[in-house]
Structures are given as C-alpha cells and as structure tokens.
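Number of protein chains: 2
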Amino acid sequence: MVTVKDVASLAGVSTATVSRVLNGYPNVSDETAARVTRAVAQLGYRPNRVARSLRVQTSQAIGVIIPDIQNNFFVSIVRGIEDVAIAHNHILLLCNTDDHPAREENYVDLLLGEGIAGLIICASDEKQSSVPVRRVIEQAVPVVALDRALSDLEVDTVLTDNVAASREATEYLIARGHQRIGVIAGPDYLTPGRERRQGYEQALAAHGIPLDPALIRVTDFRPSQAREEARALLDLPKPPTGLLVCSGLMTVEVLRELKVRHLDPMRDLALVAFDDTVLSRCLCPDFPLIMQSTYELGHTAAELLFERMRDTEKPARTVRFETGLMERSELA
Amino acid sequence: MVTVKDVASLAGVSTATVSRVLNGYPNVSDETAARVTRAVAQLGYRPNRVARSLRVQTSQAIGVIIPDIQNNFFVSIVRGIEDVAIAHNHILLLCNTDDHPAREENYVDLLLGEGIAGLIICASDEKQSSVPVRRVIEQAVPVVALDRALSDLEVDTVLTDNVAASREATEYLIARGHQRIGVIAGPDYLTPGRERRQGYEQALAAHGIPLDPALIRVTDFRPSQAREEARALLDLPKPPTGLLVCSGLMTVEVLRELKVRHLDPMRDLALVAFDDTVLSRCLCPDFPLIMQSTYELGHTAAELLFERMRDTEKPARTVRFETGLMERSELA
DNA sequence: TTGTAAGCGTTATCAT
DNA sequence: ATGATAACGCTTACAA
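Protein chains in written order, with our numbering: chain E, 0 to 331; chain X, 0 to 331.
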C-alpha cells in the first residue's frame, strides 16, 4: 500500500507538505506542489480514507436509513441523495430497516461507529426514532429527517406538504359531488400518516361535511392492513362514494379488492391516491394520483446536510415540497 | 465520546484487557470480564469502528457496486446481500454506476480508500471493469462478481445459468411450431448478454434451424435500443413469429411497440422474456417469463464473500442459479 | 513556505 | 491472566 510517506520520499518533501497539497492548502509553492502531484501520479497513490477519518474525527460517508429498499419511493430518494454525495466525494452507507425501530437503532449505532459525516433518515417512528437519533446529534453529527419528521428534535427536515396534498385531493372529490368520502390513512406516529388525515379532515370541515369516524381508517401503511380496511369500508351499510388512499403500496391492495368485487375505481368508487406506482397505474390507468417529487426530496435533503456540515450554527430549517395531482398516465 | 480508555479506567483494568473482552478472547478471567462488561454498559460505550479499521487494516463494511439502483432486479440482489452482511455485523457501502465504467472506477477507488472488507460487483463491462477490480484483488480484498463475470480474474462468481435459460425459452417457442424466432440480446461484453444469445443459438442448432443474422439483434440492454430493434424486427419483409427478449426493462419497450401496432404478444408474436417485472406483467399478464432468483443471487454472493474472508486460499468458485419458466402471473 | 511530531481509538506484541 | 506500548496512515499545531 502506498502512503503519504512514500509520496513524501519520492517528492523529497515532508508528509505534511504532501497532505497540504492533497487537500489544496494555499501556502505551498507551485514548484513543490507540482513535484508532489507528480509523485502521487507516479506511485498511483490513493488516500487512506480510514486514517483520515480517524484523524479528523469524521468520515466521508453519509448514513442513509430508509424503511424499505424495495419501495421505489425510497429508492428514488436515495438516487437523489447519491448524486449530491458523490459530487462532494462522499459515499453512502445504506441501511434498510423494514420499519423496525430495533433494526433502525442497531443501524444508527453502527453508523455512529463508522464516524459518518451526516445522517439522512426516513424514520420508522417519529418518537421512537428520536431516541437513537438524539445520540447522533449529541455527537455533533448533522442529521436530516426525510419524509418523516422526528419528535422533539431540532433538525433540518424535508417533507412533502402532506396536508395540502391531502386537502387538494379531498376537495377534488368534493368538487365532483361526493359527500361520503372515505380515507385509508397511515399511522399517527408517522408524519405522512398523520398529516394526510389532517388534510382530509380540513377539506371536509371547510365544506361543512361532518366527519364520520366509520369512514376514517388508520393503518400502519402496510398493504395487508389496507386491504382489510378497504373491505370494511366497502362492506359498510352506506359505503363511501369517494376514497382517498394515502400511500402507493396501499393503493395497489385497494385496487385489487375493487377488482375482486368488479368495481371500477372511477365510476363505482371515486378513487384518489398518493404516489405514482407502476402497479397501481397498470391496474387502473386513469384515476387521479398525488405526485411527490421523490428524487428532489433526496437531493434537497442531501444539500441541506452538506450545508449543515459547513455551518452548525444556523437554525434548523424545514423544507416542504408541493405535490401535483396527475389524472392520466402514459404507461403504454 | 466514550473510548476503551474510559472503560478501562472504570473497570480498573488496562485497555488491552477491555479489547480482549470486547473481542471475546478466551484468556480473560470471568471476574474481570464481568467488570468490563458492566463498565461498557454503564458508560454506553460503542466501539469506534474507524479506529478499529485502521488498526486491523480492514473495515467492517462491504462495497456493493450495481449498475442501476432503480432496477428492481439489482435492488432485490442488494436486499439479499444486506441480510447476510448485517448478520455478520457488517454494513453496506452502496454504489450506483449507471453502467458507466468511469463512474465505476471512481467508486472502486473510493471503496478501496474506505478499506472495505470485501467487494460485490455487478460489473459494467467484463473487460473494462477488470482493470480497477484487479487493484482490489492486489490489495488482498476479496471480490465476488455477481450476475456478470469479470475477464481474466480469479474471483468467486455468482451467475444465472443464462445459456440454459435461454435455450429452454427458445425451445419452448420451437416446441410450439416456431421456426423464425428473433432475439433481442444484450451486449457481448456482459455475461448475460453473450450467454443468452448463445443459448438461443444452441437451441436453434439443436433443432436444425439455420441462424438468420437478421433475426439476431444485439443491444447494450438499454430500453430505447430495444425499442428500435423491435421495430426493425417487425418491419422485416418476413418478420419473426417468435421472439426472445433478454431483459426485463427491454421487454417493457417491446410490449409497448407491440401495443402501438395492435399486436398481441401471445397470438401475433409469440413472446418469451427474461425477468418478472411488474410493468411487463401489467402490459401483458400471461406470456412466459424466465424467472431469476434475485434475492438468492445476492444472498449467495454475500455468503461466498464472507467465506472467502475466512479462507483466502481455496480456489475460486462459480455458482450458477437455475431459472424457471413462469407462464402466468398473479398480479391482481 | 516547509518540517517535526503529536495524536485520533483501536488491536496486538511482548513482557510480566 | 493482565499491562505497557507500539503501530495503523493521516492531519495539524507549532516551530523554524
């Protein structure tokens, strides 16, 4: 293995000078800099990032924690993060939690041990996740909460404007004459779960439609549960005429249940749903979908993170991304 | 930050003893071991993996290089790798190359700098990728080639049995009376590209069907190119009556082209294709697909890697995974 | 502008 | 069974 020492010898300078050249310090004469650069090339020197990390007490890796690597929503986010990271010569430590707080906590500790320069986390539980993340903050490692906020923590946060999205979707249904509108929402302990239900409720309230608890179904975002709630709603004595489904994976199950019952997602039950997934678009090409800017969510989160690394002081920011309602697909 | 030193002080022992306890060395008295364990818990000590990595000259991270993080095929592989890695207390450095050898080479150097314990790579080019990977091997870092072999390199390799899969698929068409069978294959510089074309050719030869160069279309696996080749095949004076498409993403484009021309992928042109992707299943639910064991590919690659870390000596192995032909879907 | 040397937190060698 | 100490490769005061 080639080290700074070898480069220093060949260039006839000290290791300190080599380091200065490598890290672009200004106070090096052009002539020595050139000699060092030549030696680096000649030896094929590659810096040992581990040694550097130990010395400066932070690595050039950023931790990324997501609940589901198989879910395209999060993968697209990761793609956005990666582009920013690589531009800063940083690398991604990717952690998949399956929404298990325990697995998440384990990963946080591993990442801390790796001396990550920063953490981007799509938390599995606003409150529970705060516990390990607080340890990260105590180590002065910058954190960005992504898609899901963290309770009682002063961190930069990147979210979708869930309330507005949900309100808009609900009003879309109201404008088409629906009064009995159901919602399959996510859990209260996750930002998108809670806020999307709020948006739904706000829309009804704004139009003087009373809330009917039987129409509000709270799940933990798991598809199987969505299926059950869809059944329950459809089996109601007076089933809803409109339905808002609050995540892409859940939407697929709802569409399946409708198919089994030979119900059309537009005529028999006016459906509006979050997220553009291939499968839901396939099952029904033309119902309105709430589009999130997934790549941009990741990209922005990463940019906030790198800004934060430069300046620890400024107050934490929250960025909200607007959504769009897309009525038709162009699948085929 | 809590260090071994702090633990040592509290337990009234030396750092050496703490390290011994932490790493499960046998020659420590039960009594001192207990004291150390208590001190660790009391202080909430977490080992600094960076310092450890520098000292032992290898980290507990494994590098994973894939061409396309948005492609479910590779994501499923990563999932398989992750489960094995976490079971060994290792973490994943995930690198997405977009099939650019330059980007890949850059990542390899970064990973080397991180002192990875091993590398699993789905190469962007059998020959070109060998160049940076050879540097990895020279550093005595174990490598597993996954889905795509590496030229002139003695490394453990995990592949799909592409030739058999392709032969089987082609024979499926022959058995149904087709004589003019087209193939949209991948590039020769990638194992699945080359081998799948070979399987196709073997099947034709075995049945005395002469090769028609006009029916053999070699792409670089990009969907847009697949679309063009599909058009060219369909526009032939005597178009094929059967078609083998050698990747999931390409299949989607072929199906789209068929749709535009109002051709049925089963009646008008007997289609067989690699990979079960949601979208292709949506566009046509019932044509035969060649199924690969993606999760198992990743899982096995990771297991080979960890075995290799334990034993550098034994000869490199190549594992081939069989495929299955699935004729119907259960999407809805 | 450049060099010397300390030290980051571990592990492992060599004593005891 | 345990302790003292060197070393891993780098960066950064501090000195010159």
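Yeah, the Cβ is synthetic: ideal placement off N, Cα and C, and Gly gets one too. Just so we're clear, the structure is a prediction, and the values are computed from it rather than from any experiment.
*Out of curiosity, what's the CA-to-CA distance linking P141(E) and K313(E)?*
12 Å
*asked:* I want to verify the contact list: residues of chain X whose CB lies under 7 Å from the CB of S58(E), in sequence order.
replied: V49
_Boundaries (first-last residue) of the alpha helix (DSSP H) holding V132(E)_ = 129-137
*Roughly how many angstroms separate the alpha carbons of A202(E) and V162(E), rounded to a whole number?*
10 Å
*Residue from G11(E), S328(E), T299(E), F220(E) with nearest C-alpha to T156(E)*: T299(E)
*Is G43(E) helix, strand or coil when you go by DSSP?*
coil
_Alpha carbons only, please: which of V277(E), C245(E), P46(E), V217(E) is nearest the one belonging to G112(X)?_
P46(E)
*Go to N22(E), then tell me how far its alpha helix (DSSP H) extends in each direction, as first and last residue.*
Note, N22(E): premise wrong, no alpha helix (DSSP H); not H, not E.
_Span of the beta strand (DSSP E), counted from its first residue to its last, around N95(E)_ = 90-95
*Same chain, Cβ closer than 6 Å to G181(E), five either side skipped, listed in chain order*: L214, L232, P239, L242
*Using a Cβ-Cβ distance under 7 Å, would C283(X) count as near chain E?*
no
*Within this structure, are the beta carbons of V17(E) and V27(E) separated by less than 7 Å?*
no
*Could you tell me whether any Cβ in chain E is nearer than 7 Å to the Cβ of N70(X)?*
no
_Between the alpha carbons of R255(X) and R221(X), how many angstroms are there, rounded?_
15 Å
_Any contact between the region 118-125 of chain X and the region 59-67 of chain X? By contact I mean 3 or more CB pairs, one from each, below 8 Å._
yes
*asked:* Could you tell me the alpha carbon to alpha carbon distance between A272(E) and L296(E), rounded to whole angstroms?
replied: 19 Å
*Using a C-beta cutoff of 7 Å, does D108(X) count as contacting chain E?*
yes
*Start and end of the beta strand (DSSP E) containing T317(X)?*
317-320
*What does a CB cutoff of less than 7 Å around G43(E) pick up in its chain, not counting 5 residues either side in sequence?*
V1
_I need the boundaries of the alpha helix (DSSP H) containing R193(X), first residue and last residue._
190-205
*How close, in whole Å, do the beta carbons of P287(X) and M249(X) come, if the pair is a contact with beta carbons under 8 Å?*
No, P287(X) and M249(X) are not in contact; Cβ-Cβ is about 16 Å, not under 8 Å.
*asked:* Give me, in chain order, the residues of the same chain whose beta-carbon lies closer than 6 Å to that of L9(X); leave out the 5 immediate sequence neighbours on both sides.
replied: A38
*Residues of chain E with a CB under 9 Å from the CB of M0(X): which are they?*
Q56, Q138
*Return helix, strand or coil for D67(X), following the three-state DSSP convention.*
coil
_Sequence-distant residues of the same chain with beta carbon closer than 6 Å to R34(X), five excluded per side_ = A10
_Under 8 Å (Cβ pairs) to chain X, residues found in the region 289-315 of chain E_ = none
*When you compare each of E153(E), S292(E), V277(E), V135(E) to R316(E) by their alpha carbons, which one comes out closest?*
E153(E)
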